Each structure stands twice: as C-alpha cells, then as structure tokens.
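Sequential numbering from 2 applies to the sequence shown in my numbering. Note that the Cβ used here is the ideal one computed from N, Cα and C, for glycine as well. What you are looking at is a predicted structure, and each value in this text was computed from that prediction instead of being measured.
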Amino acid sequence: MGVSGSGKSHIGQQLAAELGATFIDGDDHHSPANVAKMASGTPLNDDDRRDWLATLADLFAAYKARNESVVIACSGLKKRYRDRLREGDPALSVLYLEGSHALLRQRLETRPGHFFKGDNMLASQLADLEPPSSDEAVSVSIALSPREIVEHFTVMLAPQTRVH
Numbered sequence: 002m003g004v005s006g007s008g009k010s011h012i013g014q015q016l017a018a019e020l021g022a023t024f025i026d027g028d029d030h031h032s033p034a035n036v037a038k039m040a041s042g043t044p045l046n047d048d049d050r051r052d053w054l055a056t057l058a059d060l061f062a063a064y065k066a067r068n069e070s071v072v073i074a075c076s077g078l079k080k081r082y083r084d085r086l087r088e089g090d091p092a093l094s095v096l097y098l099e100g101s102h103a104l105l106r107q108r109l110e111t112r113p114g115h116f117f118k119g120d121n122m123l124a125s126q127l128a129d130l131e132p133p134s135s136d137e138a139v140s141v142s143i144a145l146s147p148r149e150i151v152e153h154f155t156v157m158l159a160p161q162t163r164v165h
C-alpha cells in the first residue's frame, strides 16, 4: 500500500516473484469511470473507491479459498479501506511504502502514460492517507532499493509463512 508513485506495482511484482505468488495490480480493477476521473485530474472519493475495494477484497477471499498466495498492489489510504480488504482475508499482511512528498512527486513526473495525473491528486492522496500503525503494517521507506524493500518485508513475513 501507499500513495501513487510509491512503487506499489514494481515492488508488488518483485515481492510476488520472491514469494511464488500471483501479482495483481489493483489499478487494473478500477472502473472505467474511476480511470476517466483520475485521468482528468480529479481525485477519487470514498464512494468512487467502494466497489473497487469490494472487488479487491473478493480477490483476496478467492485466493484464500484456493489456498494460494497473492500480492495485490493497492493504495489502501485509509484504515477503513484496509479493514475492508481484510474482510477478504483477515490474515492479510500489509507492506506500507512510505516516502516524502518530494520523492513521490519526482517519481510521478517521470512516469509517462499513467492515468494518475497532477500534483493536486498526489496532495489529495497524502491528505487522505492514514498511515498504518506498526501492528497493522510493515512500513518501509521508498528511498531504499526495491531489492532492499522486498528483502525487508519477506524477513518480516517469515514467522507467518514458515511451514511447521
């Protein structure tokens, strides 16, 4: 989880590969109306995100029912959003990719062709962000390399994923 530009998709793909899990980019599950809204520079609100979060929670539940691992990149900005996702899998482990406004903006400015546009949208996400507590998520700085982030999170997951 994290705001746009934090590296959710890139880190999520690497993490899924490391864990032998399926990777799903939550952005691929936004409605066409949500994508159009974001492409116009208008931030999403809670109502816009409701069905999207339900879809992602359903994906978590489906993978759990099949006893398969999945990594889903999702902003998860608010605690209630993360709680909604946990309805799909109460044991959901969350990696929070945290970074400074300046670094996030720099990354967004160098990302061509993405529907997320404008500093006002980043500011909106940062305003909505309810950073998770340490008992809710593992927080890692995006200033680290992707490899370091993945290694840090897999070490934190290890006690939960060991086979006895």
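For residue j and residue i, believed in contact at Cβ under 8 Å, the rounded distance
| i | j | result |
| --- | --- | --- |
| Leu86 | Ala58 | 5 Å |
| Ile73 | Leu104 | Their Cβ separation, rounded to whole angstroms, is 23 Å, which puts Ile73 and Leu104 out of contact at 8 Å. |
| Pro44 | Met157 | About 31 Å separates the two Cβ atoms, so there is no contact after all. |
| Asp49 | Lys38 | 7 Å |
| Asp26 | Ser10 | 5 Å |
Alpha-carbon to alpha-carbon, residue j and residue i
| i | j | result |
| --- | --- | --- |
| Phe61 | Gly100 | 26 Å |
| His30 | Ser70 | 18 Å |
| Leu127 | Leu78 | 8 Å |
| Thr151 | Ile12 | The residue asked about is misnamed: residue 151 is Val in this sequence, not Thr. Approximately 7 Å between the Cα atoms of the pair. |
| Leu46 | Ala124 | Sequence check: residue 46 is Asn here, not Leu. Those two C-alpha atoms are separated by around 13 Å. |
| Arg148 | Leu109 | 20 Å |
| Ala55 | Asp90 | 12 Å |
| Tyr82 | Thr23 | 22 Å |
| Ser140 | Leu96 | 6 Å |
| Leu93 | Gly42 | 31 Å |
| Met2 | Leu20 | 17 Å |
| Gln14 | Ala159 | 18 Å |
| Leu130 | Ser32 | 22 Å |
| Asn35 | Val4 | 16 Å |
| Ser134 | Asp84 | 13 Å |
| Ala18 | Ala138 | 20 Å |
| Ser40 | Asn68 | In the sequence as presented, Ser is not what sits at residue 40; that position holds Ala. Answer to the nearest angstrom: the Cα atoms are 36 Å apart. |
| Ser146 | His102 | 18 Å |
Endpoints, beta strand (DSSP E) assigned at residue i
| i | result |
| --- | --- |
| Ile12 | Here Ile12 belongs to no beta strand (DSSP E); instead the alpha helix (DSSP H) covers 9 to 20. |
| Thr43 | No beta strand (DSSP E) holds Thr43; DSSP gives it neither H nor E. |
| Asp29 | Careful: Asp29 lies outside any beta strand (DSSP E) and carries neither H nor E. |
DSSP state of residue i mapped onto helix, strand, coil
| i | result |
| --- | --- |
| Leu54 | helix |
| Asp47 | helix |
| Phe24 | strand |
| Val36 | helix |
**OP:** Any chance you could list the alpha helix (DSSP H) runs of at least 4 consecutive residues sitting entirely within the stretch 68 to 156, in chain order?
**Re:** You should have 80 to 87, 102 to 110, 120 to 129.
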